[in-house]
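One structure is given here, and the rest of the page talks about it.
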Amino acid sequence: MDIVVSGIRPTGELHLGNYFGAVRNFLRMQHENHCYFFIADYHSLTTHPTPADLHGNVRRVLVNYLAAGLDPEVSTIYIQSDVPEVTELYLLLNMNAYVGELQRVTSFKEKIRKQPDNVNAGLLTYPTLMAADIIIHHAHKVPVGKDQEQHLEMTRTFANRFNRMYGVDYFIEPKAYNFGADLIKIPGLDGSGKMGKSEGEGNAIFLSDSPEAIKKKVMKAVSDSGPTEPNQPKPDAIQNLFTLMSVVSAPETLTFFEEKYNTCQIRYGDMKKQLTQDIIAFTSPIREKIEAIDSNNDYLRKVVESGAEKARTSASKTIKEVREIIGFKAF
Ligand code: TRP
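Numbering-wise (the numbering used here), the sequence shown opens with residue 326 and increments by one.
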């Protein structure tokens with residue numbers, strides 16, 4: 326079985342865009358591979374969260390993933406900071422990572438632009454920490470979006486460099502785990518772009534949203550007065566409603582409203598009512614699980630402890646071998 330490693334940013338609550346973008350793929354992967362899923366809380370320190378936000382966001386994202394179906398009996402689910410072996414490998418990899426190459430990383434250059442007052446060394450060495458996350462478990466595959474491809478390329482560079490430097494064939498080169506056509510970009514409700522947390526109130530539907538909240542958001546979604554001629558292409562905001570419907574509703578429902586649109590008989594109020602109902606049907610079982618898991622701290626603690634134990638078993642074996650290769654020896 327292939328080993329898969331994936332880091333999850335502790336962003337707090339998950340929305341439908343996260344679900345169809347990442348979570349659903351993780352659910353499929355977990356049975357076909359040996360998966361390590363961890364919450365990248367060390368990485369998040371580059372933006373200086375408050376202690377309360379740090380813990381809160383880690384907890385929320387963990388609860389959401391478990392409620393959505395990530396199975397701690399099948400996968401190894403852990404919190405990055407519970408596995409200190411990662412930081413040792415990070416230190417060791419940093420000795421062979423060159424400042425010049427780190428400065429050329431696109432995400433670093435973007436951060437310099439976005440947070441010029443906080444260009445910390447953690448940002449510069451973000452790719453070495455990510456490489457440590459991945460190669461500490463000898464991952465074959467890493468599910469990454471476009472924005473992470475360069476980081477994965479750096480991971481291969483660091484793994485190869487280590488092998489060459491010590492004349493060993495120890496680390497393997499992780500490959501991108503691509504889903505290609507399966508990736509559906511979920512639009513937001515404000516008529517533009519994609520569903521996102523920072524795009525403004527009401528743009529995103531969270532898995533934990535109450536039926537009332539969902540209804541309010543969907544009914545307020547941007548639409549227009551409808552087509553005036555048959556079979557016209559759809560304006561963006563309207564296409565967005567249809568895309569949402571295509572992921573949560575039955576195919577017949579989608580066809581029904583497509584036809585109404587093409588014959589200029591569509592009433593967006595009706596379509597939104599249907600969409601509301603189908604989103605609620607889709608998210609309700611997840612929301613109920615979120616509530617149950619959230620109120621069961623003993624369960625959460627057990628998940629996190631057993632995940633850390635499994636991850637540390639794998640990580641400490643790597644560290645022991647790496648130390649020997651590098652030349653740390655007992656007296
Ligand atoms: N950089 C990734 C992101 O922003 C998160 C991440 C950290 C990660 N370490 C990882 C992803 C290791 C995959 C493997 O989404």
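Glycine included, every Cβ here is placed at the ideal spot set by N, Cα and C.
In chain order, what residues of the same chain lie with their CB nearer than 8 Å to the CB of T588, ignoring the 5 residues before and after it?
P555
Say yes only if the C-beta of Y423 is nearer than 8 Å to one or more non-hydrogen atoms of the ligand TRP, and no if none qualify.
no
So what does DSSP say about P335, is it helix, strand or coil?
coil
Given D458 as reference, the closest of T580, S406, V444 and R429 once Cα atoms are compared:
S406
For V388, which option in T336, V467 and G551 has the closest C-alpha, if you only look at C-alpha atoms?
T336
At the level of alpha carbons, what is the spacing between L417 and V399?
31 Å
Since A501 sits in a beta bridge, which residues does DSSP pair it with?
V467
Could you name each continuous alpha helix (DSSP H) segment of 4 residues or more that falls completely within the segment 403 to 448, going from the start of the chain to the end?
410 to 419, 424 to 428 and 431 to 439
Could you name the residues of the same chain whose beta carbon sits closer than 7 Å to that of M490, not counting the 5 residues immediately before and after it, in chain order?
N421
In chain order, which continuous runs of the alpha helix (DSSP H) of length 4 or greater are located wholly inside the segment 591 to 623?
593 to 619
In this structure, what does DSSP give as the bridge partners for I364?
I333 and I404
For K519, which beta-bridge partners are listed by DSSP?
P512
On the criterion of 16 or more Cβ atoms from any shown chain inside 10 Å, does V428 qualify as buried, or is it exposed?
Note that residue 428 corresponds to Gln in the displayed sequence, not to Val. Per the 10 Å Cβ criterion, exposed.
Continuous alpha helix (DSSP H) stretch holding V348: start and end
First-last for V348: undefined, no H or E at that position.
Pull the bridge partners of I328 from the DSSP assignment, please.
H359
Please report the residue range of the alpha helix (DSSP H) in which T453 lies.
Y451 to I460
Specify the secondary structure class of F483 as computed by DSSP and reduced to three states.
helix
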